[in-house]
Structure formats: structure tokens, C-alpha cells
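For the sequence shown, the positions run 1 to 249 when full-length UniProt numbering is used.
To keep things clear, I will list the structure first and then write my remarks on it.
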Amino acid sequence: MLNKIKAKIPALPQGINKNMVMIGAAAVVLTGAIVISLWRSNQGYVALFGSQENIPVSQAVEVLGAENIAYRINPDNGQLLIDESSLPKARMALAAKGISAVMPSGYELMDKEEMLGSSQFIQNVRYKRSLEGELAQSIMGLDPVEHARVHLGLMESSSFVMSNKPDSSASVVVRLRYGKELNDQQVGAIVQLVAGSIPGMKVANVRVVDQNGALLSEGFQAGNSNIAGIRQGNDVINRSKSRHRKEYC
Numbered sequence: 001m002l003n004k005i006k007a008k009i010p011a012l013p014q015g016i017n018k019n020m021v022m023i024g025a026a027a028v029v030l031t032g033a034i035v036i037s038l039w040r041s042n043q044g045y046v047a048l049f050g051s052q053e054n055i056p057v058s059q060a061v062e063v064l065g066a067e068n069i070a071y072r073i074n075p076d077n078g079q080l081l082i083d084e085s086s087l088p089k090a091r092m093a094l095a096a097k098g099i100s101a102v103m104p105s106g107y108e109l110m111d112k113e114e115m116l117g118s119s120q121f122i123q124n125v126r127y128k129r130s131l132e133g134e135l136a137q138s139i140m141g142l143d144p145v146e147h148a149r150v151h152l153g154l155m156e157s158s159s160f161v162m163s164n165k166p167d168s169s170a171s172v173v174v175r176l177r178y179g180k181e182l183n184d185q186q187v188g189a190i191v192q193l194v195a196g197s198i199p200g201m202k203v204a205n206v207r208v209v210d211q212n213g214a215l216l217s218e219g220f221q222a223g224n225s226n227i228a229g230i231r232q233g234n235d236v237i238n239r240s241k242s243r244h245r246k247e248y249c
């Protein structure tokens, strides 16, 4: 085979060895074959949970090995990948061992016993963190969203609870599942959900960004929204959040 290819190579300038050219070509072909093989080997594998930090990976790997469930680790983000057909079995096995995804803290932060003499500032910060967690949980209920974080920015000179400053802002960072994307309706639902949670916040002050740095909310205009559209967006969030909670319960 190599001799046939070698015979077809035209005469090379003096000083260039045909054998060296063939070795280089073979190396390129071999590298390409390995890359294609690795790519194909990951086909059909899906993330076990939303992201690496949501689950104790070492414990999960131990359980999966004991149950003879094949898994792989994504070299880019460390996520556990499971064959899609084995996903329910894997989650049931982990749940039986008390291993489950850890969702961002929400209003449960408010239920913790407050330290004696805690200041209004501490209470406001705790409320802010809990609201950010609640919003992240709701946004993660959307099917394309693997993980979400919400950052709320408000005027420091005023109380958070009572603040209705129009210049309050919010940034939402979403990590989308492989091959998935948010449509305009879903982006609008996120914007409306966040803006509606802060008195006086304008939808124009809510930014939604994906893991690649793309500004998803760039084309969202408050002037194009109406009550029906807002309700439709909220319905999308509520339905998706309900499915998300059932999936992890």
C-alpha cells in the first residue's frame, strides 16, 4: 500500500527524501484516525449531572464502578459522562447511596439561625444570596440549561429589601448542554423572571450570557414584550422547573 502511494508521489526536489514524506503523511493520517475514534467514542454519552461541582465525583465514580456502569470523564470540564441508556440506572444507584446533585442555595439560607446581633447589612447580603440562588434554580429548570449563576447588582447606599432603584442590574451566566441552545422565548422568560424579582428593575438592565461569552439577551427589547408574552415566558420557566425537580428527586 505504502509502495503504491510512494510510486505516485511526483519527483521531489533534491535533498527531500520520499521516505520522510511518507512517514509524515502516515503520522497525520494516524493522528486524524485517533481524533475521529475518540470523537465517535463519546457519541451517545451525556452528562450525569449539571456540572462537576454539583456532585462528589470521587464517590460517584466508586459507586458506578461497583455497579459496573461504564462512564467517562470530560477532559474539558471534568464532568462525568454516562451512556444515555444507562442514565436512569446510574442516577438510581447514586441516589441509593445518598449521592445527589447539590443545587445552589436559595431561600433556605434565610431559614438558618441568625447570629445574635447580626447587622442589617448581613441580613441584606443573606437575602441577596438567597434570591440569587432561587433565580438560578428556576433558570436551571429550562431544558437547555446545564448550570446557571445569577449576580445581582444594587445600590449600596440603600437597603436591598426596600430598594426600588431603576438602575439596579442583573447578570445571568448560563452553561448550556452540549448541542443545545436557548430560543428567544426562553431568553425572554429568563429576563422577565429576573427583572420581575427586583422592584424597579428594568428588563433592559438584565444581561444573559452563555459559557462562550455570547450575549444572548442582546436582541431582547422591553418594548416588544406584553403581558401575554410575560405570562408565556413564566409558564415556560414553571413547567421546566417542575420537570427539573422531578428528575432529581
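Just so it is clear, CB atoms sit at the ideal spot from N, CA and C, and this is done for glycine as well.
Beta-carbon contacts of residue i that lie in its chain and below 6 Å, excluding the five residues immediately before and after
i      : result
VAL150 : GLU132, LEU135, ALA136 and VAL172
TYR71  : LEU64, LEU80 and ILE82
SER225 : Residue confidence for SER225 is low, a pLDDT of 47 falling below 50, so the modelled location carries little weight; the figure read from the coordinates is stated next. There are no such residues.
Test item: CB-CB of residue i and residue j under 8 Å
i      : j      : result
LEU154 : VAL187 : no
ALA170 : VAL125 : no
LEU152 : ILE198 : yes
ALA95  : GLU67  : no
Environment of residue i [buried if 16+ CB atoms lie within 10 Å]
i      : result
GLY98  : exposed
GLN192 : buried
SER85  : exposed
ILE139 : buried
ASN61  : Note that residue 61 is Val in the sequence shown, not Asn. So VAL61 ends up on the exposed side.
Residue i, DSSP secondary structure in three states
i      : result
GLU218 : coil
GLY213 : coil
SER168 : coil
TYR45  : strand
ILE139 : helix
ARG175 : strand
VAL98  : As written in the sequence, residue 98 is Gly, which differs from the Val given in the question. In this structure, GLY98 counts as coil in the three-state DSSP scheme.
Close beta carbons around residue i, own chain, < 8 Å, minus the five adjacent residues each side
i      : result
GLN59  : LYS97 and ILE99
MET201 : PRO166, SER168, SER169, ALA170, VAL194 and ALA195
Contacts around residue i, its chain only, beta-carbon distance under 7 Å, and the 5 residues preceding and following it disregarded
i      : result
VAL194 : LEU135, VAL150, ALA170, VAL172 and VAL206
GLY44  : ASP83 and GLU84
ILE91  : The question names Ile, yet the displayed sequence has Arg at residue 91. Counting only Cβ-Cβ distances below 7 Å, and skipping sequence neighbours, we find nothing.
Residue i: first and last residue of the uninterrupted alpha helix (DSSP H) it sits in
i      : result
ALA70  : First-last for ALA70: undefined, no H or E at that position.
VAL61  : 57-66
GLY188 : 184-197
Contact with chain D by residue i, beta-carbon distance below 8 Å
i      : result
LEU216 : No chain D is part of this structure, which consists of one protein chain only.
Residue span of the beta strand (DSSP E) that contains residue i, given as start and end
i           : result
ALA204      : Where ALA204 is concerned, there is no enclosing beta strand (DSSP E), given that its DSSP letter is neither H nor E.
residue 255 : As displayed, the chain neither begins before 1 nor continues past 249, which places residue 255 out of reach and without an answer.
LEU81       : 80-83
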